[in-house]
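Participant:
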Ligand SMILES: [Zn+2]
């Protein structure tokens with residue numbers, strides 16, 4: 003559905019006015035956690051670039067941040083069993099190019115590209131493009147439908163409505179989780195406007211990023227928090243993403259945590275800390291693309 007003010011309002015109604023506990027959140031996640039470290043270069047890429055440096059982390063990424071952000075980055079790595087195996091494998095140059103192409107098209111078109119469009123863009127037959135997309139799915143970088151022919155998400159972007167709506171290049175896109183929503187601006191080097199809702203009470207959350215995703219602009223409520231969940235199993239979209247959400251206050255975050263059927267493990271972050279975490283995760287992803 004093309005994004006316009008009607009669909010924006012519709013999405014807001016769909017997600018903010020329901021009992022949060024009943025909302026069927028599509029997959030969400032925090033892709034990039036380790037993505038920067040395992041990126042492979044395109045054969046013709048100019049080097050000594052930020053992505054190459056980023057791959058030498060996580061030490062560099064973990065240091066130099068606010069304590070809460072460092073704690074979130076380190077805690078995620080300690081607790082998410084299986085994440086290192088899935089995201090630690092380096093991408094081949096073809097996989098890397100395909101992944102970047104998927105994200106660029108998602109950002110520019112507001113929807114995922116078709117297999118045929120990707121094949122044409124990267125210069126391979128359709129079957130090879132399909133194989134590359136399946137490879138990226140095995141890295142938990144994107145999701146495919148049952149026939150493996152349609153991209154259902156590519157962190158940070160979701161192809162179905164979620165509670166995290168992001169105005170990007172005059173389009174509406176949906177993010178997989180709260181950190182993904184915050185990270186889109188840094189990944190693309192542009193300003194965004196995020197509309198989401200408190201997971202506990204459904205209250206409206208609004209966040210503007212500026213300039214170029216490096217800082218917060220106006221946001222409300224001023225006491226808003228992000229819960230950065232550490233759960234991980236097979237795919238972030240089905241494990242941690244659904245629990246990485248905005249809250250209108252620390253009190254509402256606490257209420258939500260207490261109401262969970264099992265104890266959640268993660269980090270509570272202010273919006274400023276959440277943006278810092280999202281920048282650490284997403285800025286290196288498209289550091290060399292024409293979109294920045
Ligand atoms: Zn609330």
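Residue numbers (the working numbering): 3 to 294.
Idealized CB from N, CA, C, for every residue including glycine.
#1: Mind pulling the alpha helix (DSSP H) runs of 4 or more residues that sit fully within the segment 144-217?
#2: For residue 137 and residue 97, which I take to be in contact (beta-carbon distance under 8 Å), what is that distance rounded to the nearest angstrom?
#3: Under a criterion of Cβ closer than 5 Å to any non-hydrogen atom of ligand 1, which residues qualify, in chain order?
#4: In its own chain, which residues sit with a C-beta less than 7 Å from the C-beta of residue 266, not counting the 5 before and 5 after it?
#5: Give, in chain order, every unbroken run of the beta strand (DSSP E) that is at least 3 residues long and sits entirely within the segment 260-290.
#6: Do you know whose CA, among 171, 162, 240, lies nearest residue 214's CA?
#7: When the distance is taken between beta carbons, is residue 228 closer than 9 Å to residue 273?
#8: Taking the alpha carbon of residue 203 as the reference point, which residue from 196, 217, 223 has its own alpha carbon closest?
#9: DSSP has residue 231 in a bridge; who is on the other side?
#10: Grab me the residues of residue 123's own chain with a C-beta within less than 8 Å of its C-beta, minus the 5 sequence neighbours each way, in chain order.
#11: What number of angstroms, rounded off, separates the C-alpha of residue 145 from the C-alpha of residue 154?
#12: Ignore the nearest five residues each way along the sequence and tell me which others in residue 212's own chain have a CB closer than 6 Å to its CB.
#13: When you compare the CB positions of residue 179 and residue 164, do they come within less than 9 Å of one another, or not?
#14: Would you mind sorting residue 151 into buried or exposed? The rule is 16 or more other CB atoms within 10 Å of its CB.
#15: Figure out for me which residue from 156, 201, 209 has the closest Cα to the Cα of residue 169.
#16: What residues are listed by DSSP as bridge partners for residue 107?
#17: Can you grab the Cα-Cα spacing for the pair residue 277 / residue 74, in whole Å?
#18: Can you tell me whether residue 268 sits near ligand 3, meaning its C-beta is under 8 Å from at least one heavy atom of the ligand?
#19: Taking its Cβ as the centre, do 16 or more other Cβ atoms sit within 10 Å of residue 125, making it buried, or is it exposed?
#20: According to the Cβ coordinates, are residue 275 and residue 251 closer than 9 Å?
Facilitator: In short:
#1: 180-190
#2: 5 Å
#3: 200, 202, 203, 205, 250, 254
#4: 231, 245, 259
#5: 268-272
#6: 171
#7: yes
#8: 223
#9: 268
#10: 103, 107, 115
#11: 5 Å
#12: 193, 219
#13: yes
#14: exposed
#15: 209
#16: Residue 107 is not bridged to any residue.
#17: 12 Å
#18: With respect to ligand 3, the structure shown offers nothing to examine, as its ligands consist of ligand 1.
#19: exposed
#20: no
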